[in-house]
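S.K.:
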Amino acid sequence: IPIPLEDSHEFTEKDLQFAERYLRTHYDLRPNPAGIMRKSGNTVAAKLREMQAFFGLEVTGKLDEETYELMQKPRCGVPDVGE
Amino acid sequence: YNFFPRKLKWSKMNLTYRIMNYTSDLRRNEVDRAFKKAFKVWSDVTPLNFTRIRSGVADIMISFGTKEHGDFYPFDGPSGLLAHAFPPGPDYGGDAHFDDDEVWSDDSKGYNLFLVAAHEFGHSLGLEHSRDPGALMFPIYTYTGKTGFVLPDDDVQGIQELYGKSITINSPLTCFNYSTSKILLFYAVTRNIKYVFFLSTRFFWRLHPQMVEAELVLLKSFWPELPNKIDAAYENPIKDLVFMFKGKKVWALNGYDIVEDFPKKIYEMGFPKEMKRIDAAVHVKDTGKTLFFTGNKYWSYDEEAEVMEAGYPRLIEEEFTGIGDKVDAVYERNGYLYFFNGPLQFEYSIWSQRIVRVLHTNSLFWC
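Residue numbers (the working numbering), protein chains in the order written: chain C, 1 to 83; chain U, 84 to 450.
1) Roughly how far, in whole angstroms, is the beta-carbon of L420(U) from the beta-carbon of I433(U), given that I think they are within contact range, below 8 angstroms?
2) Could you tell me which chain C residues have their CB closer than 8 angstroms to the CB of G163(U), listed as they occur along the chain?
3) According to DSSP, is T257(U) helix, strand or coil?
4) If you check the beta carbons only, do D362(U) and T377(U) fall under 7 angstroms apart?
5) Are at least three pairs of beta-carbons, each pair with one atom in the segment 105-121 of chain U and one in the segment 65-78 of chain C, less than 8 angstroms apart?
6) Tell me which residue opens and which closes the beta strand (DSSP E) that Y421(U) is part of.
7) One question on the structure: do A393(U) and F375(U) come within less than 7 angstroms of each other, judged by their Cβ atoms?
8) Report yes or no: is there a C-beta of chain C within less than 7 angstroms of the C-beta of P310(U)?
9) Identify every run of the beta strand (DSSP E) within the segment 117-202 of chain U, keeping only runs that are complete inside it and at least 3 residues long; order them along the chain.
10) Rounded to the nearest angstrom, how far is the Cβ of A201(U) from that of F181(U), given a contact under 8 angstroms?
11) Taking CB distances under 7 angstroms as the criterion, tell me whether I242(U) reaches chain C.
12) Residues of chain C with CB closer than 8 angstroms to the CB of P235(U), please, in chain order.
13) Taking all protein chains shown into account, do 16 or more other C-beta atoms lie within 10 angstroms of the C-beta of S207(U), making it buried, or fewer, making it exposed?
14) Can you say whether F259(U) is buried or exposed, counting buried as having 16 or more other CB atoms within 10 angstroms of its CB?
15) Which residues mark the beginning and the end of the alpha helix (DSSP H) in which Y68(C) is found?
16) Quick one: list the residues of chain C neighbouring Y224(U), beta-carbon separation under 8 angstroms, in chain order.
17) Could you tell me whether the Cβ of D80(C) comes closer than 7 angstroms to any Cβ of chain U?
18) Report yes or no: do three or more beta-carbon pairs, one from the segment 153-172 of chain U and one from the segment 123-139 of chain U, lie closer than 8 angstroms?
19) For H167(U), would you say it is in contact with chain C, using Cβ-to-Cβ distances shorter than 7 angstroms as the test?
20) Taking just the CA atoms, how far does R416(U) sit from A19(C)?
21) Can you tell me which residues form a DSSP beta bridge with F429(U)?
22) Whole angstroms is fine: what's the gap from K409(U)'s alpha carbon to L427(U)'s?
23) Using a threshold of 7 angstroms, state whether the C-beta atoms of Y226(U) and S191(U) are closer than that.
24) Name the residue from A179(U), L301(U), F133(U) and P235(U) whose alpha carbon lies nearest to the alpha carbon of G153(U).
25) Apart from the five residues just before and just after D238(U), which ones in its own chain have a Cβ nearer than 6 angstroms to its Cβ?
26) Taking CB distances under 7 angstroms as the criterion, tell me whether G35(C) reaches chain U.
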């Protein structure tokens with residue numbers, strides 16, 4: 001899964017799937033049919049940046065431990081941004 | 084606070100709700116009460132009214148479900164997604180769904196149904212998620228205690244922008260937006276390099292000397308390890324540390340970090356072991372002494388020698404005549420001590436050793 005990673009933290013495949021699902025549910029990340037370039041605004045990095053900005057985290061566009069930890073927290077299912 | 088695209092809202096003030104089914108975690112009357120109380124959070128500050136109906140289609144249909152439950156936005160089992168709701172509109176509009184794979188409760192065990200419902204009903208009325216960590220509409224669940232829920236100011240401003248203010252006057256909930264309310268209790272104040280911190284319950288206001296507006300911040304978002312409702316705080320400019328007191332413990336903060344080996348017990352500073360708490364503390368730069376107020380007495384601590392001065396405690400009333408016999412909070416600025424006692428603030432001149440002005444506690448917020 002093309003998710004930019006920040007630090008040496010070893011994310012498992014399952015972690016990355018969770019992160020992608022989180023961004024799809026709350027930040028309108030669209031599925032990416034194989035082989036088709038995404039519009040820049042809909043890349044995983046862009047959505048990670050949106051989420052990091054929303055929660056006041058350091059905005060890197062990469063999945064790091066702090067961002068992933070926040071994704072684990074129990075929360076409301078309504079998206080944070082978008083339609 | 085944020086709104087849904089096109090600022091969706093109800094075009095009427097009288098709304099209906101219907102509870103379609105129940106969770107087995109709570110008794111029916113507990114569920115009814117939680118939802119009723121959750122609606123009252125919003126009707127208290129707006130002209131909105133909520134009426135429960137027991138049949139037919141209500142504006143806000145409430146139900147418990149698991150995984151895929153009919154709206155193509157499946158829940159995900161225990162934890163994770165707790166509930167969701169739809170913005171105002173026909174059909175699903177306004178409806179609120181709760182994940183019955185969670186353990187719902189009416190206290191801190193499991194997830195508090197009242198708190199989650201109040202949040203979801205904010206969506207039902209047109210509020211989107213807020214970035215303010217202290218707001219009810221912040222997307223992440225935080226248990227905020229069993230009693231005395233107060234709708235945070237961020238949410239009050241958001242919902243009132245949609246529906247206007249409540250018709251009742253003197254709503255106690257406006258107190259936090261330091262409007263004309265006369266009493267804001269401060270439990271501890273201190274100066275940290277550029278800011279004056281006003282600590283109260285689980286928030287603190289950061290007031291920059293050059294700014295008019297204070298910034299409201301959740302205490303635990305800066306210092307997660309600190310308890311809420313700090314008793315007292317002071318800054319020691321010599322060591323560049325801020326000390327915070329709660330009960331018999333004291334924490335030392337270096338910027339936003341808690342110094343190693345803290346918290347310590349206050350008796351290690353020289354207080355008698357039986358002392359239960361400190362009401363207020365202030366460091367007086369010119370004398371290098373820190374004054375501690377507890378009950379009707381106060382102590383003087385020599386920061387350089389790191390010992391309690393002999394001849395203390397003394398009676399507050401004897402040294403600081405006129406400020407009353409207890410101190411809620413105190414801080415020093417430009418040669419004046421500002422004593423807070425209930426709704427009043429006494430400006431005491433260290434030089435002339437007398438009170439020169441009496442102000443309202445929240446006058447610093449231009450109330």
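The beta-carbon is built from N, C-alpha and C at its ideal position, and this holds for glycine as well.
M.R.: On the basis of the coordinates in this document:
1) Sure, about 6 angstroms apart at Cβ, within 8 angstroms.
2) Within chain C, the residues P74 and R75 have their CB atoms less than 8 angstroms from the CB of G163(U), given in chain order.
3) Note that T257(U) has pLDDT 34, beneath the 50 cutoff, so the model's placement of it is unreliable and no number is given.
4) Between D362(U) and T377(U), the CB-CB gap stays under 7 angstroms.
5) They do not touch, by the three-pair rule.
6) Judged by DSSP secondary structure, Y421(U) falls within the beta strand (DSSP E) whose first and last residues are Y419 to N424.
7) It is not a contact, given that the beta carbons lie outside the stated cut-off.
8) No, its Cβ sits nowhere closer than 7 angstroms to a Cβ of chain C.
9) Listed in chain order, the beta strand (DSSP E) runs fully inside the segment 117-202 of chain U are 132-135, 143-148, 164-168 and 179-182, counting runs of at least 3 residues.
10) With 8 angstroms as the limit, A201(U) and F181(U) do not qualify as a contact, their Cβ atoms being about 12 angstroms apart.
11) No, I242(U) does not count as interfacial toward chain C.
12) Under the 8 angstroms cutoff, chain C gives no residues; its nearest Cβ is about 16 angstroms from P235(U).
13) By the beta-carbon neighbour count (other beta carbons within 10 angstroms, threshold 16), S207(U) is buried.
14) Only weak support is given to the placement of F259(U): the predicted model assigns it a pLDDT of 38, under 50, and the value that follows is read from those uncertain coordinates. Classification of F259(U): buried, given that the 10 Å Cβ count is 16 or more.
15) Counting along the chain, the unbroken alpha helix (DSSP H) around Y68(C) starts and ends at E65 to M71.
16) Correct list: K73, P74, R75 and C76.
17) A Cβ of chain U is located within less than 7 angstroms of the beta carbon of D80(C).
18) Short answer: they don't touch.
19) For H167(U), at least one C-beta of chain C is nearer than 7 angstroms to its own C-beta.
20) Approximately 49 angstroms, taken between the alpha carbons.
21) Residue pairing for F429(U): DSSP places it in a beta bridge opposite F422(U) and V441(U).
22) Rounded to whole angstroms, K409(U) to L427(U) spans 12 angstroms at the Cα level.
23) A Cβ-Cβ contact shorter than 7 angstroms links Y226(U) with S191(U).
24) Distance from the Cα of G153(U) is smallest, within the candidate group A179(U), L301(U), F133(U) and P235(U), for A179(U).
25) The answer, listed in chain order, is A218, L219 and M220.
26) Residue confidence for G35(C) is low, a pLDDT of 48 falling below 50, so the modelled location carries little weight; the figure read from the coordinates is stated next. Not a single CB atom of chain U sits nearer than 7 angstroms to the CB of G35(C).
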